[in-house]
Amino acid sequence: MNEALKLFHKAFHRPPSHCVLAPGRIELLGNHTDYNDGLVMAMAVDRHILMAGSPRNDGKIELVSSAFAGREMFYADRIEKTPAAPWADYVKGVLLQLRLRGVHFTGFNAAIHGTLPLGAGMSSSAALEVATALLLRKLFPYALSETGLLAAPRRDARGELPDVGKAEKLAFARLCLTAESAFVGANVGMLDYLSSLFGKAGHVIQIDCQHFTVTHGPVSAKVSFVVCNSGVRHDLTDGAYNKLRNHCESAARTLRVPSLRSITAQMLELRKSQLAMRDYECARHVIDENRRVIAGERALRADDMEQLGQLLYESHASSRYILKNSCPELDLLVDLARARPECLGARLTGGGFGGATINLVRSDLVKPFIDAMKRGYEAATGHMIEPMVCRAVDGAW
Ligand code: GLA
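Residues 39 to 435 in this note's numbering are what the sequence shown lists, from first letter to last.
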């Protein structure tokens with residue numbers, strides 16, 4: 039029995055009627071590009087949020103989580119933040135958006151269990167939002183589209199709903215994005231939601247955030263993806279993330295382009311003097327990241343993992359010196375990785391300012407790499423890390 043089922047049983051004294059799983063993600067290339075209409079290469083990974091639930095009809099919603107003590111209780115028609123339980127905001131934000139779109143629900147019990155490290159830049163909050171939307175679909179079937187609700191899907195003889203199609207996944211992602219910006223307060227892009235929904239086992243996800251097209255590229259068995267969590271918590275709502283976004287948008291405005299996707303590095307250099315320094319730096323990072331995603335896709339197709347690794351190192355250097363969304367602990371992890379012959383490339387993953395690095399490691403040499411990283415980080419900081427190997431998995435279900 040999975041942990042969410044066990045937790046549900048313990049909290050509500052009966053088995054849940056439904057269970058969903060939403061994976062976290064690692065961002066491989068394309069840092070802070072998503073909200074600039076840019077390109078990203080990511081991967082849904084085998085660390086996830088599980089949510090088990092049962093409907094009720096008294097309008098009450100009760101939530102428990104294995105990561106937090108206590109129980110959050112509220113009513114379907116009165117959804118408000120509780121300062122003592124910020125973890126429930128992700129669920130509430132999605133419920134509010136569903137209600138605004140006309141989805142009717144009469145209350146439910148749910149238990150949440152995650153295997154994603156919190157604050158590590160692996161999208162635990164996005165996974166919780168996606169899981170909430172999917173759990174509600176299972177409990178109170180509805181069909182979401184870009185323009186509103188469609189006829190609700192029907193259960194088959196076994197009580198199962200049809201799989202969520204591509205267009206509906208996109209609508210789910212937009213709904214979760216609105217929940218995060220309107221309720222939680224982080225002005226994020228679509229990357230985390232699309233990665234969780236469009237994951238494919240053994241493949242990376244390539245997203246074009248201008249047209250919202252998603253393609254998949256196979257991952258070579260020659261390399262493994264090792265995540266090293268610095269232990270420095272990053273929080274997308276603390277303001278630093280939104281500030282970077284403001285600089286990018288201000289650069290686009292000054293340059294009179296719809297977004298940074300519409301400008302090349304050459305054009306940017308020609309017009310550099312028009313921009314405030316921070317706006318220029320943020321724009322430069324984003325434009326170069328878009329180029330690195332294109333180069334990364336080419337390297338992946340050619341099975342050139344050395345090239346892909348170099349792009350990861352380049353990307354981190356750009357985060358460190360140009361976008362300035364790294365921190366000493368992440369730089370240390372990348373420097374330690376770079377000194378290891380087992381490693382082909384490393385960079386921070388996600389918003390930055392803490393969280394984790396992603397390391398592209400020769401598959402036959404993962405163990406010595408992990409041992410060396412643990413030793414090196416502890417020697418330099420006195421703190422232990424537990425690097426984890428992540429595999430590409432299918433999207434949320
Ligand atoms: C966070 C956000 C994403 C994206 C990345 C940076 O993970 O949630 O939307 O902007 O940072 O690339």
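Think of the CB as a built atom: it goes at the ideal place given N, C-alpha and C, for glycine as much as any other residue.
Near the ligand GLA: residue i beta-carbon under 7 Å from a heavy atom
i	result
ASN328	no
TYR73	yes
ASN69	yes
VAL226	yes
GLU167	no
LEU101	no
ASP230	yes
SER297	no
LEU274	yes
GLU319	no
GLU335	no
GLY131	no
GLU287	no
GLY414	no
GLY389	yes
GLU41	no
GLU352	no
GLU65	yes
First through last residue of the beta strand (DSSP E) which encompasses residue i
i	result
CYS428	426-428
PHE178	From DSSP, PHE178 is part of no beta strand (DSSP E); its letter is neither H nor E.
CYS387	For the record, residue 387 in the displayed sequence is Thr; it is not Cys. Start and end: 381-387.
PHE146	146-152
GLU65	56-67
VAL399	394-400
GLY186	186-188
Host alpha helix (DSSP H) of residue i (start-end)
i	result
ILE99	Element bounds for ILE99: not the alpha helix (DSSP H) but the beta strand (DSSP E), 98-103.
ALA289	278-292
CYS365	Where CYS365 is concerned, there is no enclosing alpha helix (DSSP H), given that its DSSP letter is neither H nor E.
GLY91	Premise fails: GLY91 lies in the beta strand (DSSP E), 77-93, not in any alpha helix (DSSP H).
PHE143	Unbroken run through PHE143: none, as it is neither H nor E.
GLY334	315-339
LEU45	41-50
PHE407	404-419
TYR128	127-138
GLY108	Here GLY108 belongs to no alpha helix (DSSP H); instead the beta strand (DSSP E) covers 106-113.
GLU344	343-356
The ligand FMN heavy atom lying under 7 Å from the CB of residue i
i	result
GLY159	Of the ligands one can find in the structure shown, namely the ligand GLA, none is the ligand FMN.
Residue-chain proximity (residue i, chain C), Cβ-Cβ < 8 Å
i	result
PRO296	Judged by its chain identifiers, the structure shown contains no chain C, having just a single protein chain.
At least 3 beta-carbon pairs within less than 8 Å: the stretch 167-179 vs the stretch 128-140: Taking one beta carbon from each stretch, the stretch 167-179 and the stretch 128-140 have 3 or more pairs nearer than 8 Å; the two touch.
Meets three-Cβ-pair contact criterion under 8 Å: the stretch 201-208 and the stretch 117-130: A contact is defined here as three or more CB-CB pairs under 8 Å, and the stretch 201-208 fails this definition with respect to the stretch 117-130.
Unbroken stretches of the beta strand (DSSP E), 3 residues or longer, contained in the stretch 205-265: The qualifying runs are 241-246, 251-256.
Contact the stretch 238-248 vs the stretch 392-405: 3+ CB pairs below 8 Å: Taking 8 Å as the limit for Cβ pairs, the verdict is that the stretch 392-405 does not touch the stretch 238-248.
Meets three-Cβ-pair contact criterion under 8 Å: the stretch 328-345 and the stretch 248-263: Between the stretch 328-345 and the stretch 248-263 there are three or more C-beta pairs closer than 8 Å, enough to call the two in contact.
Segment contact flag, the stretch 261-280 with the stretch 153-168, C-beta cutoff 8 Å, min 3 pairs: Segment contact: the stretch 261-280 against the stretch 153-168, three or more CB-CB distances shorter than 8 Å; contact assigned.
Three CB pairs or more closer than 8 Å across the stretch 46-62 and the stretch 123-131: For the pair of segments examined, the stretch 46-62 was found not to touch the stretch 123-131: the number of CB pairs separated by less than 8 Å stays below three.
The stretch 182-190 / the stretch 72-86 touching (three or more Cβ pairs under 8 Å): Taking 8 Å as the limit for Cβ pairs, the verdict is that the stretch 72-86 does not touch the stretch 182-190.
Segment contact, 8 Å Cβ cut-off, at least three pairs: the stretch 278-288 with the stretch 300-307: Judged by Cβ distances under 8 Å, the stretch 278-288 makes no contact with the stretch 300-307, as fewer than three pairs qualify.
At least three beta-carbon pairs within less than 8 Å, the stretch 97-105 to the stretch 143-155: Output reads yes: the stretch 143-155 touches the stretch 97-105.
The stretch 322-338 / the stretch 68-75 touching (three or more Cβ pairs under 8 Å): Touching, yes.
Given 8 Å, three or more beta-carbon pairs between the stretch 308-320 and the stretch 355-365: Yes, the stretch 308-320 is in contact with the stretch 355-365.
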